[in-house]
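S.K.:
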Amino acid sequence: MKQKGWKDLVPGSVILEGGSAAKFKTGSWRAFRPVWKEEHCIQWVKVKDGKRGEFDYDYCKGCGICALECPGKKGIKAIVMVEEGK
Ligand code: SF4
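The C-terminal residue of the sequence shown carries number 87 in the working numbering, and the numbering is unbroken.
Below, the structure is given as structure tokens:
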């Protein structure tokens, strides 16, 4: 039996409007969370008052990319991942 192509399928849903990730607080759960160590920060991303802002945990999924990419000061990371709830 030949499989149906995507054009043969009945549409299963309708998207009525465009979405935005800002509408959904995706940080309701995570296994790890990033913690900022200001003393090791080189402040290369300045967001608020000329300094780096805190994490917005409402949207953080704890993926760890920020900690991985953080250059830190003198090789010491300014963002470390800690187990959630500790
Ligand atoms: S990069 Fe990942 S761990 Fe860092 S703030 Fe964003 S979601 Fe959270």
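We treat Cβ as the ideally placed atom computed from N, Cα and C, and that holds for glycine.
Does DSSP put Lys24 in a helix, a strand or coil?
M.R.: Taking the first residue of the sequence shown as position 1, residue 24 is located at position 23. Here Lys24 sits in helix by DSSP.
S.K.: Identify the residues that DSSP records as bridge partners of Pro35: which are they?
M.R.: Translated into positions along the sequence shown, residue 35 becomes position 34. Pro35 is bridged to Met82.
S.K.: Would you tell me roughly how many angstroms separate the C-alpha atoms of Ala79 and Pro12, rounded to the nearest one?
M.R.: Walking along the sequence shown from the start, residue 79 turns up at place 78. Walking along the sequence shown from the start, residue 12 turns up at place 11. Cα to Cα, Ala79 sits roughly 48 Å from Pro12.
S.K.: To the nearest angstrom, how far is the alpha carbon of Ile77 from that of Glu70?
M.R.: Taking the first residue of the sequence shown as position 1, residue 77 is located at position 76. Taking the first residue of the sequence shown as position 1, residue 70 is located at position 69. The alpha-carbon atoms of Ile77 and Glu70 are separated by roughly 12 Å.
S.K.: Would you say Cys42 touches the ligand SF4, meaning its beta carbon is less than 8 Å from a heavy atom?
M.R.: The residue labelled residue 42 in the question sits at position 41 within the sequence shown. Incorrect: Cys42 has no Cβ contact closer than 8 Å to the ligand SF4.
S.K.: Roughly how many angstroms lie between the CA atoms of Thr27 and Asp50, to the nearest whole one?
M.R.: Along the sequence shown, one-based indexing puts residue 27 at 26. Along the sequence shown, one-based indexing puts residue 50 at 49. Each residue's alpha carbon lies about 26 Å from the other.
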